[in-house]
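Using UniProt numbering, the first residue of the sequence shown is number 1, and each one after it goes up by one.
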Amino acid sequence: MGGRVSGCSSLRGRDTGWLLPGAWPKAPPSKKRAARDPQKVEEREEDEHGRDPWKERAEDGRDSWKEEEEEEKEQEEEAEERDEEEDDARHPREQRRWGNVALRSSRSPSSLDPIAAMRCCGRLILGHFSRVRPPMKVPWGSVRAGSEAAFLQISAPNEFDVMFKLKVPRIQLEEYSNSGAYYFVKFKRNPQENPLSQFVEGEFLSASKMLSEFRKIIKQEIKNIKDVAMERKKLGSPAVTLLIGESEEISVDIILALEPEGSWPARTKDGLPVKKWLGGKVRTELRQQPFYLVPKHAKEGQSFQEETWRLSFSHIEKYILSHHGDSKKCCEADGVKCCRKDCLKLMKYLLEQLKKKFNRQELSEFCSYHMKTAFFHLCSKYPLDSDWDPKDLRLCFDNCVAFFLERLRKEELEHYFIPGVNFFSQEYIDTKCKEFLAEKIEYERNNGFPIFGEF
């Protein structure tokens, strides 16, 4: 297969959840909660000590941050417990579950200015990067996403995705041009009453404004950090990409995401076809989880619509990949083994190597998400663990490649969550590009995939 895949670390000793703005409460936050507002904490610390403790820690690389953060965490947990007890007495909550795992309550944290929250997250991310040894590990994230989070990289892990969530209550989604995946975001109530009013253009929440401000804040935070640079903005990309290390060998995509309240959009009703694979109960539970909106531009002919938000289900995909068997213990230490993940790794690696070898415009529109989507459909088609016996890895991988080739030639690859979206339609990818990729994959398949040994 390939090199060993290492996981990424979490931010030790600190729960960053309270940093994120949640649904804005009708009543002002309590004094206890206001005292933990990161913006106010930052101002208080700088007034009393004349310094920025996060910046100092990042610069001098001291080890004392561990003890300090453990003490801070204990104090925060005690205060949080007291506040939760008071809130529980006023507002009883139902426990939410995801599969067999009990989830934290959906009760919203205190209201925060999103700019202050973004700034705090920037400091947490970058301050921790400079302290972690070895620096190959990602320190922070509300939601880890992408290949590394699901342990799907074959080569040494050097690309990471982190999703920064902002909870946005009481919004209305207006579908863009019958796209199914792209939406305008509109507040149901007067936007002047919430902290995101500064990003409203006309009646819609501006994706370009929020992303621009997010980039500006991250750029400001990294300017004095050694060996951390920001990649130039990519047209249509929802991510802010940081390059870490002297040779910029590590890249971290920080993705701004909105977390709306309520059920998934109507266009997703017939998506997520996992009933025969993971079961109807699991599908119901997954659809009860939040969905996200990322600032991704919709394509308008040769240009882009800059104010649209695209649906994202990366957290659901991560869950599926971690609980991928029809048996509950598939690929666990004491459970049956399968080769599903190995097949997906190889599919993504095949596309990666082809793009590296040919570096052609015809391949620029293809991405690993196309491989993942085809793989999910194949898992639904062959739901049993016995269909993916590790002894049959070559055969299973060949079936995956054959299925992807079929999708290319038929110009049909349906979004796994939004059935009306066809990734391989002429609207998204030109026929000549699909023919070019199919030709290259067919050659590799007929010759035993020599490209796997070329780089």
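Note that CB positions come from ideal geometry on N, CA and C, so glycine has one too.
Contacts around L258, its chain only, beta-carbon distance under 6 Å, and the 5 residues preceding and following it disregarded: Excluding residues within five positions, the ones whose Cβ falls inside 6 Å are L166, V168, L293.
Opposing strand residues paired with R310 [DSSP bridges]: Answer is Y182, V294, bridged to R310.
Cβ contact (3+ pairs, closer than 8 Å) linking the stretch 203 to 211 and the stretch 436 to 445: When Cβ pairs closer than 8 Å are counted between the two stretches, the stretch 203 to 211 is seen not to touch the stretch 436 to 445, the count staying below three.
Close Cβ partners of C339 (< 6 Å) along its chain, the five nearest in sequence each way excluded: Within its own chain, the residues whose Cβ lies closer than 6 Å to the Cβ of C339, once the five positions on either side in sequence are excluded, are W388, P390, L393, C396, listed in chain order.
Whole-angstrom distance between P260 and L311, CA atom to CA atom: Each residue's Cα considered, the two are about 11 Å apart.
N- and C-terminal bounds of the alpha helix (DSSP H) containing F358: That run of the alpha helix (DSSP H) goes 340 to 358.
Three-state secondary structure assigned by DSSP to I418: In the three-state DSSP reduction, I418 falls in the coil class, being neither helix nor strand.
Buried/exposed call for A117, threshold 16 Cβ in 10 Å: Confidence in A117 is poor, its pLDDT being 48 and thus under 50, which makes the residue's placement unreliable; the coordinate value appears in the next sentence. So A117 ends up on the buried side.
Straight-line Cα distance separating Q305 from E365: Inter-residue distance for E365 and Q305 is about 18 Å (C-alpha atoms, whole angstroms).
E174 - containing beta strand (DSSP E), residue span: Unbroken beta strand (DSSP E) run through E174: 171 to 175.
Other residues of its chain near P450: CB distance less than 8 Å, five sequence neighbours each side excluded: Cβ neighbours of P450 beyond the five flanking positions: E444.
Alpha helix (DSSP H) segment containing T284, residue limits: Residues 280 to 287.
Beta-carbon gap between C400 and M347 smaller than 7 Å: Going by C-beta atoms, C400 is nearer than 7 Å to M347.
Cβ-based burial, E84 [other Cβ within 10 Å; buried from 16]: Confidence at E84 is low in this model, with a pLDDT of 47, below 50, so the placement of that residue should be treated as unreliable; the coordinate-derived value is given next. E84 should be labelled exposed.
Where N446 falls, given that 16 or more other Cβ within 10 Å makes a residue buried: With fewer than 16 other CB atoms across the displayed protein chains lying within 10 angstroms of its CB, N446 is exposed.
Cα-Cα separation, Y182 to Y176: Rounded to the nearest whole angstrom, the C-alpha separation of Y182 and Y176 is 6 Å.
As assigned by DSSP and simplified to three states, the class of I320: I320 falls in the helix class under three-state DSSP.
Pair within 7 Å by beta-carbon distance, F403 and L363: Result no, Cβ atoms of F403 and L363 do not sit closer than 7 Å.
Boundaries (first-last residue) of the alpha helix (DSSP H) holding I441: Per DSSP, I441 is one residue of the alpha helix (DSSP H) stretching across 431 to 446.
Cβ separation of E412 and N422, assumed to be a contact under 8 Å, to the nearest whole Å: About 6 Å separates the two Cβ atoms, so the contact holds.
Pairwise C-alpha distance: Q426 and P238: Distance between P238 and Q426, taken at the CA atoms: about 23 Å.
Local conformation of V274 per DSSP, three classes: Secondary structure of V274 (DSSP, three-state): coil.
Enclosing alpha helix (DSSP H) for V336 [first to last residue]: In this chain, V336 is not harboured by any alpha helix (DSSP H), its DSSP state being neither H nor E.
CA-to-CA distance, N194 to Q172, given in whole angstroms: Approximately 15 Å, taken between the alpha carbons.
Between the CA atoms of L354 and G453 - distance to the nearest angstrom: Rounded to the nearest whole angstrom, the CA to CA distance from G453 to L354 is 12 Å.
Among D385, I316, T308, K357, nearest to E332 - alpha-carbon criterion: Shortest Cα-Cα distance from E332 to any of D385, I316, T308, K357 involves D385.
Coil, strand or helix - E454 by DSSP: Reduced to three states, the DSSP call for E454 is coil.
Proximity to I254 [Cα-Cα], best of Y349, L243, E174: That would be L243, whose Cα lies nearest to the Cα of I254.
Spatial distance of F417 from L272 (CA atoms): Roughly 5 Å between the two C-alpha positions.
Local Cβ density within 10 Å of A374, reported as buried at 16 or more and exposed below that: Classification for A374: buried.
Assigned secondary structure, L258 (DSSP; H/G/I helix, E/B strand, else coil): Of the three classes helix, strand and coil, the one that applies to L258 here is strand, per DSSP.
As assigned by DSSP and simplified to three states, the class of F214: If DSSP states are grouped into helix, strand and coil, F214 belongs with the helices.
Outcome for A298 when other beta-carbon atoms lying within 10 angstroms are tallied against a minimum of 16: A298 comes out buried.
Assigned secondary structure, Q361 (DSSP; H/G/I helix, E/B strand, else coil): In the three-state scheme derived from DSSP, where H, G and I count as helix and E and B as strand, Q361 is classed as helix.
Close-in-space but distant-in-sequence residues of the same chain around H370 (CB under 7 Å, 5 per side omitted): The residues are L413, F423.
Where the beta strand (DSSP E) containing T241 begins and where it ends: Counting along the chain, the unbroken beta strand (DSSP E) around T241 starts and ends at 239 to 244.
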